[in-house]
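Heads up: the sequence shown begins at 1399 in my numbering, then just goes up one per residue.
Take a look at the structure set out below.
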Amino acid sequence: MALLPIEARGPDEVRDGAELTKGGFSMAGFPGGRLRWLWHSLASRLALLTIVFLAVPVLIYDQFQRADTTTQTLLLQSAQRQGELIARALEPDLSRANRAALPQLGPILRRFADGNTRLKLLVRPRALAGNNLMGSDGFYYVAAAPSVPTDDLDAERHQLLEQGVLDRLGASCAGNEPLALRLPRSSGGYEILTSVTPINTAFGCWALVTSHTAGGYLESSLGRPYWSTPVVQAAAMIYIVMAALVMAVLLGVWRNLHRFGDLARDIVSGGIGDSGQGSFTNRNTVPELSGVAEDFDRLVDTLRESARSLRRAAEDNAHAYKTPIAVIRQSVEPLRRSLPAEDNRSQRALTMIEKSVDKLDGLVSFGRRMDEAAADLLVPPRRRVDLSDLVERMAGGYTSLLAERQLHMRSRIESGVVVRASEDILETVIENLVENAVSFSPPDGTVSVRLSRNGAWAELVVEDEGPGVDPANLPRIFERYFSQREPGRGMPEDAAAQNQAEATHFGIGLWIVRRNIEAFGGKVRAENRSTGGFRMTVTLAVA
1399 MALLPIEARG
1409 PDEVRDGAEL
1419 TKGGFSMAGF
1429 PGGRLRWLWH
1439 SLASRLALLT
1449 IVFLAVPVLI
1459 YDQFQRADTT
1469 TQTLLLQSAQ
1479 RQGELIARAL
1489 EPDLSRANRA
1499 ALPQLGPILR
1509 RFADGNTRLK
1519 LLVRPRALAG
1529 NNLMGSDGFY
1539 YVAAAPSVPT
1549 DDLDAERHQL
1559 LEQGVLDRLG
1569 ASCAGNEPLA
1579 LRLPRSSGGY
1589 EILTSVTPIN
1599 TAFGCWALVT
1609 SHTAGGYLES
1619 SLGRPYWSTP
1629 VVQAAAMIYI
1639 VMAALVMAVL
1649 LGVWRNLHRF
1659 GDLARDIVSG
1669 GIGDSGQGSF
1679 TNRNTVPELS
1689 GVAEDFDRLV
1699 DTLRESARSL
1709 RRAAEDNAHA
1719 YKTPIAVIRQ
1729 SVEPLRRSLP
1739 AEDNRSQRAL
1749 TMIEKSVDKL
1759 DGLVSFGRRM
1769 DEAAADLLVP
1779 PRRRVDLSDL
1789 VERMAGGYTS
1799 LLAERQLHMR
1809 SRIESGVVVR
1819 ASEDILETVI
1829 ENLVENAVSF
1839 SPPDGTVSVR
1849 LSRNGAWAEL
1859 VVEDEGPGVD
1869 PANLPRIFER
1879 YFSQREPGRG
1889 MPEDAAAQNQ
1899 AEATHFGIGL
1909 WIVRRNIEAF
1919 GGKVRAENRS
1929 TGGFRMTVTL
1939 AVA
């Protein structure tokens, strides 16, 4: 009996301890295999690129923010030194100031102001320190250069109070505190308060507030988060556009490849025939892949035409050969009748001719089956097939044959198991498996047929109680032309037909089983049963 190997594997599958995969990288079979697969995977590269696009701005932002902090420190130190110098220059005038001289401080202050530097002078008189004038801080404005609207002064004073600057200054009237307060002005735009310099005189505690409207200050991140600066926002916009373009290119290629994959599955499953309803060229959206799409279309057309040519050639050749074979067979019978029965030599010669004709007839049938099997492998037809119904019908069809051979059939078929394949090819597969088991079963033996659903797979198991297979021959079971069928084994039962069956048995039945099942994305496995007999298992994806 030509039985099955421990596990059927196609020539494009990885062997020798590697995990079974088709046409490419192993997932776990050899060291580093998974890493190589991840590196070559477009999805992995897309994920890695996404991580890079997210990580780079974080790292760069941190470095730039540190540099900006340093720049802020230098700007504030420069503004602080400027405030100190102006305060020292004002100190002689302020040391002589009294209540009557307060209105004269404006012109003095304007000598030190310019278009980018603004000065405001506040004072807390000693004589009024206990009267809680102008609020709890006791400071009030006496001069500004250039002049500032009252609303702006109120907003600025409110900010200084919120920051606690005036409270700290009023406590000791000492120190030079750098600031970074960004204040809007009623006339439009902003100015940045950069320092508050105290001047202690006999009249009271003076506070010189320095602010800037220069572009170097306004464009910096003083008084606002670093990310809100125009430079950072412009850089972020450019980076986002660049990342979006790169991701769009990769996603476009990825989606295009998925469309190619969907079309290929539709073609294999029979969802799209060879009438031109769909093509890779029509589904392509990336101009650079148009050449690849055209090559795929030509390949599909070539495969379809090759399959049609093989089937036509198989049919024409079989017809051409079988006609003269039939003539020879019909011509031998009159010759046998015309020869004397006692002419043993002539009778043996006619017998040899008949056997040779039978063998030639079997070779023709064998060649046709081989060509049709090759055509089915090129373009395997696929439809939704109720495998449960098919197995049940075919198992019931062996009732008379089992009775003739004194065998029993035990079947357990789960209902509703549907696969996507060709019903004709599946009939051939089931027929080969069951008849293989029947031909090797001893009298009063049992042939078991089971069909069940195991997750996403349909599992068909055929068992017999025969002699099993020599373990040394298991790897060769599905090889073409291999058979270990012994004389007297096989179907049909009668002697004359048995001789013909032996003469025409070429060991291709299980080879066809394996190739057909693999063409539908399934697997075939075989093993000797521990209790005796043989088990063959076919798995197909559930539709």
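Quick reminder that beta carbons are idealized off the backbone N, C-alpha and C, glycines included.
In the structure shown, what three-state DSSP assignment does E1554 receive?
One-based indexing of the sequence shown puts residue 1554 at position 156. Residue state, collapsed to three classes: helix.
Whole angstroms is fine: what's the gap from R1434's alpha carbon to A1854's?
The sequence position of residue 1434 within the sequence shown is 36, counting from 1. The sequence position of residue 1854 within the sequence shown is 456, counting from 1. When only Cα atoms are considered, R1434 and A1854 end up about 28 Å apart.
Closest to L1606 by C-alpha separation, out of V1647, R1508, V1698, would be which residue?
Translated into the one-based positions of the sequence shown, residue 1606 becomes position 208. Measuring from the Cα of L1606, the nearest candidate turns out to be R1508.
I need the straight-line Cα distance from R1696 to A1646, nearest angstrom please.
As a first step, residue 1696 must be located in the sequence shown, where it is residue number 298. As a first step, residue 1646 must be located in the sequence shown, where it is residue number 248. Cα to Cα, the separation comes out at about 29 Å.
Using only CA atoms, which one of Q1561, R1791, R1443, R1734 lies nearest to S1813?
Along the sequence shown, read from residue 1 onward, the residue named residue 1813 stands at position 415. With distances taken between Cα atoms, S1813 lies closest to R1791.
Determine, using beta carbons only, whether V1629 comes closer than 9 Å to chain B.
Among the chains of the structure shown, chain B does not appear; only one protein chain is present.
Check whether the Cβ atoms of N1830 and L1908 sit closer than 9 Å, and answer yes or no.
Here residue 1830 is taken as the residue at index 432 of the sequence shown, counted from 1. Here residue 1908 is taken as the residue at index 510 of the sequence shown, counted from 1. Going by C-beta atoms, N1830 is nearer than 9 Å to L1908.
What are the start and end residues of the alpha helix (DSSP H) that includes A1511?
Sequence index remark: in the sequence shown, residue 1511 carries index 113 (1-based). Looking at the DSSP string, A1511 is not in any alpha helix (DSSP H), and its letter there is neither H nor E.
Using only the alpha-carbon positions, how far apart do Q1804 and V1815 sit?
Here residue 1804 corresponds to residue number 406 of the sequence shown, with the count starting at 1. Here residue 1815 corresponds to residue number 417 of the sequence shown, with the count starting at 1. Each residue's Cα considered, the two are about 31 Å apart.
For the putative contact between A1835 and V1845, defined by C-beta atoms under 8 Å, what is the C-beta separation to the nearest angstrom?
The sequence position of residue 1835 within the sequence shown is 437, counting from 1. The sequence position of residue 1845 within the sequence shown is 447, counting from 1. Between V1845 and A1835 the Cβ distance is about 5 Å, and since that is below 8 Å, they are a contact.
So what does DSSP say about F1918, is it helix, strand or coil?
For this step, residue 1918 is matched to residue 520 along the sequence shown. If DSSP states are grouped into helix, strand and coil, F1918 belongs with coil.
Delimiting residues of the beta strand (DSSP E) encompassing V1789:
Here residue 1789 refers to the residue found at position 391 of the sequence shown. Note, V1789: premise wrong, no beta strand (DSSP E); alpha helix (DSSP H) at 1785-1794.
Look at the alpha carbon of Q1728 and the alpha carbon of T1935, and state the distance between them as a whole number of angstroms.
Indexing the sequence shown from 1 puts residue 1728 at position 330. Indexing the sequence shown from 1 puts residue 1935 at position 537. Going by C-alpha positions, Q1728 is about 44 Å away from T1935.
Spell out the partners DSSP gives A1924 in its beta bridges.
Locating residue 1924 in the sequence shown gives position 526, where the first residue counts as 1. According to DSSP, A1924 bridges with M1934.
Taking Cβ positions, are L1687 and V1651 nearer each other than 9 Å?
By one-based count along the sequence shown, residue 1687 stands at place 289. By one-based count along the sequence shown, residue 1651 stands at place 253. The answer is yes: Cβ separation under 9 Å.
Quick one, are the C-beta atoms of D1769 and H1806 less than 9 Å apart?
Counting from 1 along the sequence shown, the entry for residue 1769 is found at position 371. Counting from 1 along the sequence shown, the entry for residue 1806 is found at position 408. Result no, Cβ atoms of D1769 and H1806 do not sit closer than 9 Å.
For a test of the three-state rule: what should DSSP assign to L1748, helix, strand or coil?
In the sequence shown, counting from the first residue as 1, residue 1748 sits at position 350. Three-state result, L1748: helix.
In whole angstroms, what separates the C-alpha of R1464 from that of V1630?
By 1-based counting over the sequence shown, the position of residue 1464 is 66. By 1-based counting over the sequence shown, the position of residue 1630 is 232. Their Cα atoms are separated by approximately 13 Å.
So who's on the other strand from N1598, going by DSSP bridges?
The residue given as residue 1598 occupies position 200 in the sequence shown. Answer is C1603, bridged to N1598.
DSSP three-state assignment for T1721, whether helix, strand or coil:
Reading the sequence shown from its first residue, position 323 is the one you call residue 1721. Helix.
Would you check if the region 1555-1572 and the region 1444-1462 touch, i.e. whether three or more CB-CB distances between them fall below 8 Å?
no
Would W1604 be called buried (16 or more neighbouring beta carbons within 10 Å of its own) or exposed?
As a position in the sequence shown, residue 1604 is number 206, starting the count at 1. Classification of W1604: buried, given that the 10 Å Cβ count is 16 or more.
Three-state secondary structure (DSSP) at D1756?
The count along the sequence shown starts at 1 and reaches residue 1756 at position 358. Three-state DSSP puts D1756 in a helix.
Determine, using beta-carbon pairs with one atom in the region 1714-1723 and one in the region 1750-1766, whether at least three such pairs fall under 8 Å.
Flag = yes, the region 1714-1723 and the region 1750-1766 touch.
Three-state secondary structure (DSSP) at L1577?
In the sequence shown, the residue the question calls residue 1577 occupies position 179. L1577 falls in the strand class under three-state DSSP.
Within a Cβ cutoff of 6 Å, which residues of the same chain sit near R1927, ignoring the five residues on either side of it in sequence?
Walking along the sequence shown from the start, residue 1927 turns up at place 529. For R1927, where only same-chain residues beyond five positions count, the Cβ hits under 6 Å are R1933.
Top-ranked residue by Cα proximity to E1560, from L1579, S1704, D1693
As a working note, residue 1560 is residue 162 in the sequence shown. When only C-alpha atoms are compared, the closest one is L1579.
Less than 9 Å between the beta carbons of R1516 and A1542, yes or no?
The count along the sequence shown starts at 1 and reaches residue 1516 at position 118. The count along the sequence shown starts at 1 and reaches residue 1542 at position 144. Yes; because the gap between Cβ atoms is below 9 Å, this pair is in contact.
Per DSSP, what kind of secondary structure is L1824 in: helix, strand or coil?
Here residue 1824 is taken as the residue at index 426 of the sequence shown, counted from 1. Three-state DSSP puts L1824 in a helix.
On the CB-based measure, 16 or more other CB atoms within 10 Å of its CB, does N1682 come out buried or exposed?
As a position in the sequence shown, residue 1682 is number 284, starting the count at 1. With 16 or more other Cβ atoms within 10 Å, it is buried.
Using the C-alpha atoms, what's the distance from A1772 back to G1886?
Your numbering for residue 1886 matches position 488 in the sequence shown. Your numbering for residue 1772 matches position 374 in the sequence shown. Here G1886 scores only 43 on pLDDT, less than 50, and its place in the model should not be relied on; the value that follows carries that caveat. Their Cα atoms are separated by approximately 31 Å.
Spell out the partners DSSP gives N1852 in its beta bridges.
The residue labelled residue 1852 in the question sits at position 454 within the sequence shown. BP columns for N1852 point to W1855.
DSSP three-state label for P1523, please.
Along the sequence shown, one-based indexing puts residue 1523 at 125. DSSP places P1523 in strand when its eight states are reduced to three.
Does DSSP put S1881 in a helix, a strand or coil?
Residue 1881 sits at position 483 when you count from the first residue of the sequence shown. Three-state result, S1881: coil.
Go through its chain and collect everything with a Cβ distance to L1748's Cβ below 8 Å, but skip five positions before and after it.
Counting from one through the sequence shown, the residue named residue 1748 turns up at place 350. So the list reads V1730, L1733, R1734, L1737, once near-sequence residues are dropped.
Check R1727 in the structure and name its three-state DSSP category.
For the purposes of this step, residue 1727 is identified with residue 329 of the sequence shown, where counting begins at 1. In this structure, R1727 counts as helix in the three-state DSSP scheme.
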